[in-house]
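Notes for the one structure printed next.
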Amino acid sequence: MLPPAVRMRDGREFGTTRRRGRRAGTTSLVVHLNVVDVTDLDVPSREVGVVTGKSVGPAVTRNRVKRRLRHLVADRLDTLPMGTRLVVRALPPSATRSFDDLGRDLDRAIDKATRTGARA
RNA sequence: CGAGUCGGUCGGACGGUCGCGUGAGGUGGUCCGCCACCUCCCGAGGAAGGUCCGGACUCCGAAGAGCAGGGUGGUGGGCAACGCCCACCCACGGUGACGUGCGGGACAGUGCCACAGAGAACAGACCGCCAGCGGCCCUGGCGCCCACGGGCGGCAGGGUGCGGGCAAGGCUGAAACGGUGGUGUAAGAGACCACCAGCGCCCCGGGUGACCGGGACGGCUAGGUAAACCCCACCCGGAGCAAGACCAAGAGGCCCCCGUCACGGCGGGGGCUGCGCCGGUGCCCGAGGACUGCUCGUCCGAGCCGGCGGGUAGGUCGCCAGAGCCCACCGGCAACGGUGGGCCUAGACAGAUGGCCGUCCGGGGCUCGCGCCCCGACAGAAUCCGGCCUACAGACCGGCUCGUCCG
RNA sequence: GCUCCCGUAGCCCAACCGGCAGAGGCAGACGGCUUAAACCCGUCCCAGUGUGGGUUCGAACCCCACCGGGAGCA
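98 is the number of the first residue of the first sequence in my numbering; add one for each residue after it.
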């Protein structure tokens with residue numbers, strides 16, 4: 098699971114990341130990636146949040162998807178630069194995706210968001 | 001053995017590895033609020049679900065009275081309480097075990113009962129049945145008269161008319177004011193009689209009671225609907241953990257204390273309250289408000305109403321040991337209660353309880369087989385309990401009933 | 001946590017207090033008008049009232065339980 102320090106727990110942080118961040122997605126999920134200037138922060142940090150809406154399914158399904166996504170993001174934390182603000186939003190097809198498929202989707206989405214961000 | 005019925009239990013197991021949450025202990029750091037790391041304990045359900053009831057708890061005024069409103073509805077018991085549970089009664093269904101039932105009251109009153117039908121709620125009279133009366137018509141036979149064409153009289157039958165008697169039979173309908181047989185009569189009718197069904201009332205016996213069994217008498221018959229209004233009995237104050245309590249901050253307002261002063265103020269401290277602007281209205285003749293709809297009664301009372309704008313991520317507690325769970329014995333048909341012993345069992349707040357792998361278990365598919373592959377029901381705590389209802393792969397245990405065969 | 005509303009034809013929506021099992025419009029099909037079409041006119045087609053059960057002689061309507069959709073309050 099995600100260690101407590103990198104959990105995004107502030108509603109406003111979710112809002113700014115989803116508004117300002119680079120967006121990229123697959124059929125099963127969408128990521129919003131925003132890298133803030135490290136010098137603006139008291140302590141260099143990364144924050145990650147996961148959003149699983151009601152369209153994904155009932156509570157059991159939502160929880161399973163959310164837990165899988167948090168595990169997947171935790172494994173990739175080291176590849177993200179300091180100052181990263183990442184929101185992963187699950188879409189309905191994620192309910193039937195396997196763990197490995199979700200991992201590939203996440204990699205592709207993060208990769209796309211990073212490349213468009215670098216170009217801009 | 002087959003078919004069925006009722007009740008109960010479980011609802012994947014074990015291990016490895018990487019993680020997360022609460023708590024305990026330890027080490028280190030610290031701005032003393034806490035943070036990081038290590039070890040250990042514990043970490044979703046029988047429905048956690050729907051939110052249909054009942055409570056605990058908290059605040060609202062101490063939790064008032066009457067009305068209104070809502071709920072429940074056989075009897076007795078259980079329970080903190082209930083619309084829940086148990087036992088029994090009654091009705092219906094089933095060969096049976098058993099199941100189902102909002103199961104009080106229709107002589108307190110009101111409403112409704114379409115269509116059809118003669119008639120639908122103090123019954124009614126269409127067809128029909130019956131005798132009587134009056135005239136006319138038709139038919140039959142009898143008597144008399146005759147000019148032989150017929151005419152008159154009275155009788156019987158039929159038709160028609162009038163005022164009556166009757167309600168058996170017919171038809172309609174979900175339902176038509178008892179059923180069958182007989183006596184009786186002009187025809188008939190509970191008008192009367194026997195039996196049956198049903199109603200009321202009384203007596204005896206049984207039961208705490210709903211009610212059951214038996215007997216006597218009466219009047220001869222009473223429609224249905226209250227999940228229509230209603231009546232009766234009993235119960236219900238409202239809101240809900242975003243309840244609510246404490247701590248910190250808070251522009252402005254009010255009050256108190258101290259200092260100073262040119263007596264207008266200014267500065268500091270403390271307490272209560274809690275955003276600003278505009279308009280209307282009220283302030284000893286009282287606006288408005290509380291007791292949650294109304295009235296009474298009681299109380300508060302200097303603000304109240306409308307519009308516009310602004311603000312709305314603080315922390316801690318509440319927050320988990322409880323009408324708790326398990327075992328034994330005793331009482332009780334049972335629900336349940338009592339006594340003794342043992343156990344500690346989630347408390348998050350962008351919200352932990354997980355990801356991956358292996359072995360086994362169960363199910364399915366392929367295969368002669370070894371084996372291989374796939375799948376693991378319904379579903380995720382949010383203040384906490386007791387129920388109800390709904391969803392659910394499969395496995396296990398027990399009671400009972402019916403049928404067949406064997407002994 | 002709590003409160004309320006809705007569900008009728010492919011779509012929008014009636015049915016008054018329970019009474020022939022259901023009105024109308026759009027859409028669709030056919031015919032007429034037209035050179036052809038639109039408009040217009042006529043005819044037809046389309047429902048068993050979200051699901052299951054109950055009360056009643058009789059239910060879209062009343063009662064109960066579910067299913068689905070929506071709104072509001074703290």
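Ideal Cβ placement from N, Cα and C applies to all residues, glycine included.
Three-state secondary structure (DSSP) of residue i
{"i": "residue 188", "result": "coil"}
{"i": "residue 107", "result": "coil"}
{"i": "residue 150", "result": "coil"}
{"i": "residue 180", "result": "coil"}
{"i": "residue 201", "result": "helix"}
{"i": "residue 194", "result": "coil"}
{"i": "residue 143", "result": "coil"}
N-terminal and C-terminal residue of the beta strand (DSSP E) that residue i is part of
{"i": "residue 158", "result": "Counting along the chain, residue 158 falls outside any beta strand (DSSP E), though it belongs to the alpha helix (DSSP H) covering 156-172."}
{"i": "residue 102", "result": "Here residue 102 belongs to no beta strand (DSSP E), and DSSP marks it neither H nor E."}
Neighbour-count burial assignment, residue i, 16 or more Cβ in a 10 Å radius
{"i": "residue 116", "result": "exposed"}
{"i": "residue 227", "result": "Only positions 98 to 217 of the chain appear in this structure, which leaves residue 227 out of reach."}
{"i": "residue 131", "result": "buried"}
{"i": "residue 195", "result": "exposed"}
{"i": "residue 213", "result": "exposed"}
Beta-ladder partner(s) of residue i, from DSSP
{"i": "residue 126", "result": "187"}
{"i": "residue 119", "result": "130"}
Close-in-space but distant-in-sequence residues of the same chain around residue i (CB under 7 Å, 5 per side omitted)
{"i": "residue 169", "result": "199, 200 and 203"}
{"i": "residue 178", "result": "132"}
Same chain only: Cβ atoms within 8 Å of residue i, ignoring 5 sequence neighbours per side
{"i": "residue 102", "result": "142"}
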